[in-house]
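Residue numbers (my numbering): 14 to 1199.
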């Protein structure tokens, strides 16, 4: 069935769209003139869909070819010769007519009314953008009255195929067309047919890979707007001068090196749009020859200097945009009538401007140390000189009489002149992130409404600041050293209209709380991370208009009950305090968000009905909190309810090497457009995966990324072990899986994967970070930030070059096609290849100097630098509290977007490098021995920690002589698939008394766990040819006749006690046969634990890893030979059931008795050794007598 073009604003729909079908039924239908006997009545399906009549060609069926009759502009008439009959006719010279006889008058009347409405419409605009069209639809030409046609973002070609007549050359049939959009079709050549449309006033052929414009365009005398952006143009034809009505020509993102001379003759133009070209010098002589140009846009070129030979003044230029060039200095005094100057993101050190008519100056993100404006700009209303190197505010600023907004943030200013606050026009002063030691001591009356002095070195605010600033509505003094607040009134009456007060991260004490009552109109109060110990109830009662309060990170033990007086309160954030009693916030009818995490709550009191608007309640980090079933059932009705899961010890297998905490917060629009991913036990407890996803303004993409990326990464890990490869593949596959959601939506993402290299059994953990967009990761190493991510935006030289090569349009707000400011991001597939999902990948080996790493969304890093973030949470012992702190700081510093932060604390210490302490069993590894060595595989106990099972859910229980008191509940060591290069020396751990590392990373499921003694194995059932002289010996396996010796490393440290289960052995001529039995209830179980390992020690987040039972271990009963040099051998990933040696039932009792006797012997020997030697001086390994 062919697609149907519906002539209506919007995109076409298929006839299957039920929302477009208005009427339908089975009726007698006849085509053509009714008096001709050729055409007969027949029963057909008739549908009135949108603006078309659709008739099936097959009797009593909707399948097959469908006849489509456009009704707009046509006729719907009554046929008097037949009862209940209507004639439907289309318009135009090729009109057709269908007759339909209805079964009753009701249906006849319904069709007549509905179809008459459609036919009476007159089509003027058709939007077929983003429809994947390869040629023009035939139905498009049913109406010749089109005035606006949008065909952008398709796959149109000038001549798609010889068999079709619907090429772009047919566009000249639209004799009334005024606006035509053919952008983003990659035409390659200019469509000459459009030059034959005399009525055309607007033509857009941007992003079509055009290399030239034909001279015939000069015939379009009525054309007023001509858009040629994003092509490969280097020149324009002289015939453009005949287009006298042409008032707007856009030449951005082409390859012009100079201003085209023909523009001098287009006197109707008033704006020069040549951003994103290849100009390195601005020739002012060319501008002088174009007196009609008032607005010059030369953004994103490579301009390094202005060439002003014999130029006095350019009086006609009023707006000059030189953003994102390479200017080191700029003398713009030649533009003596300039009103608006943009020169952001250059390399300017000095800037000179004429101030006669200057209204707005934008010069942020440069290296300015000197700014000269002459004369004093009395018309200047807005000035942004933030992110420069200014040490003093220019004196002329105080004399500017109309200045309303002044942004001098992120400079090195030490003092603000007092005269600045005397200005009667200044409304907004942003002076944060400077080096201000104080503000002017005495204030006169000031009209400032917004004052931002955060991130300075203020010890106090002026004593009369709040008395004189009657108009002050917003004050942010966060991240200073304030200990006290100035009073707002000297009597009971106050004139304060302050509504928002941010005082986070200061040294404020309880003495400042009473002064808050001088601001009765206060709506938002942030006093987090100060030194508050109490908040008097009487003071809270007077803040009746309070809507949002954040008092986190203090030492409060309670929130006053008078908070119930704040009837408008919708957000209460009080995490990281010492609150013991649940506050009365559930009595507030407007409450939406309550965060009481990281406190000391033991119980909560709830009303019978929860507040109707409550959306979020966070009670995590309250270890003493116990909720009954009824309370949990009530709270589960909240959209976002967070509480700690019941602890089951460390049964999850999460290594204490890392612990994490995360938090999320919605923005001012109350939409949570971020998501976080945390998997402490990624891929069977052996690895960890963390992620943060930011959708900017959409919710769908972050949620899809959160649900899908971990599964994709797990699949990619099975294909390759190269960090860069599997991370890049993960992002690319994720891009495909976004499907339709990723076509016009997108999101930033950062993934951090902790793993151990299976090829390096003695190696450490590797942290791999991959990111796209503005989600980033930073690692704290030795207290210093180590960035692991990269933010790909327009300021990146290589990214800007790539974007220009693909001829994408960068709008004035710095976004690709006005959509996103990130050039590498997930989603937005319609922007490909300009926007790609290829991530920045960086891997780093973790060391004991690595303390933690932070994953954050765009909102976090826009508000905090990486240095500040690391410094802020370095001394926070709990990962959850650290993440909460970052989120709170960002919000107090001005972030209005959704925020997500994940803090992962690391504990990679020298005493936690060995898997020998793992309270579990190694993974399946039947291939670690010759085939003659048969091992019983059994299920891992459900309560045990340790190595993850393979896909079969089994784990081999092979062990050499080992001190299980050193068993760690965290991680293990692995043997590689290749022989490692191990140098033996005097410091080798095979020597007793030497200090060894205790944390080798956990092994993968396809490798075996390195054991702790050297042993000799052989088998009476060997038939693997290892004793043959024709076979190459396996490295690490030494043959001696039919006796096979397998070397296993010993590198464990001391143990306090030793209880080992012995393997029942059978003597044979060939050597010793190893066998293993199922775990029996009667067998003794190891219960001793190490005092020096990670069991029972305090984790990095302040929690304690509880002691767990270790597994039964089967000891290899043989004399331990001297350690030999050599490597390890490869191990198959899956066990072969045929290779398992099962003890016959008739020998089971005998084996148990042997094991029991041997156990008693071993215990006696251990007791004798303990009496002879202190437990602190035991050898690193033991010889077990047979």
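For glycine and all other residues, C-beta sits at the position ideal for the given N, C-alpha and C. These figures come from a predicted structure and were not determined experimentally.
Item to complete: Classify residue 800 as helix, strand or coil using the three-state DSSP reduction.
Response: strand
Discussion item. So, at 8 angstroms on beta carbons, what are the nonlocal neighbours of residue 712 in its own chain, with the 5 sequence-adjacent residues on each side left out?
Written reply: 684, 685 and 686
Worksheet entry | Residue of 423, 868, 848 and 407 minimising C-alpha distance to residue 431 | 407
Worksheet entry | Close-in-space but distant-in-sequence residues of the same chain around residue 373 (CB under 6 angstroms, 5 per side omitted) | 353 and 395
Discussion item. If I measure Cβ to Cβ from residue 449 and keep anything under 8 angstroms in the same chain, skipping five residues before and after, which residues do I get?
Written reply: 426, 427, 428, 429, 466, 469, 470 and 471
Worksheet item: Span of the beta strand (DSSP E) holding residue 111?
Response: 110-114
Fill in: Residue range of the alpha helix (DSSP H) that includes residue 719
713-730
Item to complete: Would you kindly work out how many angstroms separate the C-alpha atoms of residue 109 and residue 84, rounded to a whole number?
Response: 10 angstroms
Worksheet item: Are there 16 or more other CB atoms within 10 angstroms of the CB of residue 281, so buried, or fewer, so exposed?
Response: exposed
Worksheet item: What distance in whole Å lies between the Cβ atoms of residue 609 and residue 631, which are believed to be in contact at a cut-off of 8 angstroms?
Response: 7 angstroms
Worksheet item: Three-state secondary structure (DSSP) at residue 875?
Response: helix
Fill in: Burial state of residue 600, where buried means 16 or more other Cβ atoms lie within 10 Å
exposed
Discussion item. So, for residue 498: in the same chain, excluding its five sequence neighbours on each side, which residues have a beta-carbon less than 6 angstroms away from its beta-carbon?
Written reply: 525 and 528
Fill in: Beta-carbon proximity check, residue 627 vs residue 604, cutoff 7 angstroms
yes
Discussion item. Once DSSP output is grouped into helix, strand and coil, what is the label at residue 385?
Written reply: strand
Practice prompt. Spell out a yes or no on whether the region 100-120 and the region 136-150 are touching, meaning 3 or more CB-CB pairs, one atom from each, closer than 8 angstroms.
Written response: no
Worksheet item: If you check the beta carbons only, do residue 511 and residue 485 fall under 7 angstroms apart?
Response: yes
Worksheet entry | Burial state of residue 565 (16 or more Cβ within 10 Å) | buried
Worksheet item: Along the chain, which unbroken stretches of the beta strand (DSSP E) at least 3 residues long are found entirely within the region 604-657?
Response: 606-608, 629-631 and 653-655
Discussion item. If you follow the alpha helix (DSSP H) that residue 127 is in, where does it begin and where does it stop?
Written reply: 118-132
Fill in: Whole-number beta carbon distance between residue 218 and residue 240, since they are thought to touch under 8 angstroms
7 angstroms
Item to complete: Could you check how far apart the C-beta atoms of residue 767 and residue 669 are, in whole angstroms? I think they sit under 8 angstroms.
Response: Wrong, their Cβ atoms sit about 13 angstroms apart, outside the cutoff.
Fill in: Euclidean distance between Cα positions of residue 727 and residue 860
25 angstroms
Discussion item. Alpha carbons only, please: which of 488, 446 and 447 is nearest the one belonging to residue 461?
Written reply: 488
Item to complete: Jot down the residue ranges of each uninterrupted alpha helix (DSSP H) in the region 501-585, minimum 4 residues, whole runs only, in chain order.
Response: 550-554
Practice prompt. Please determine if the region 836-848 and the region 875-887 are in contact, where contact requires at least 3 C-beta pairs separated by less than 8 angstroms.
Written response: no
Worksheet item: Alpha carbon to alpha carbon, how far is residue 1180 from residue 705?
Response: 54 angstroms
Discussion item. In whole angstroms, give me the CA-to-CA distance for residue 381 and residue 399.
Written reply: 10 angstroms
Practice prompt. Compute the distance between the beta-carbons of residue 433 and residue 411, then report whether it is under 7 angstroms.
Written response: yes
Worksheet item: Which residues in the same chain as residue 213 place their Cβ atom closer than 7 angstroms to its Cβ, once the five residues preceding and following it in sequence are excluded?
Response: 190, 191, 193, 207, 233, 235 and 236
Worksheet item: What is the residue span of the alpha helix (DSSP H) that residue 742 lies within?
Response: 736-750
Worksheet item: The beta strand (DSSP E) with residue 332 in it runs from where to where?
Response: 332-334
Worksheet item: Taking C-beta to C-beta, are residue 36 and residue 127 nearer than 7 angstroms?
Response: yes
Worksheet item: Would you say the region 568-577 touches the region 536-549, given that touching needs at least three Cβ pairs under 8 angstroms?
Response: yes
Worksheet item: For the putative contact between residue 339 and residue 316, defined by C-beta atoms under 8 angstroms, what is the C-beta separation to the nearest angstrom?
Response: 7 angstroms
Discussion item. Distance check for residue 688 and residue 375, CA to CA, integer angstroms please.
Written reply: 35 angstroms
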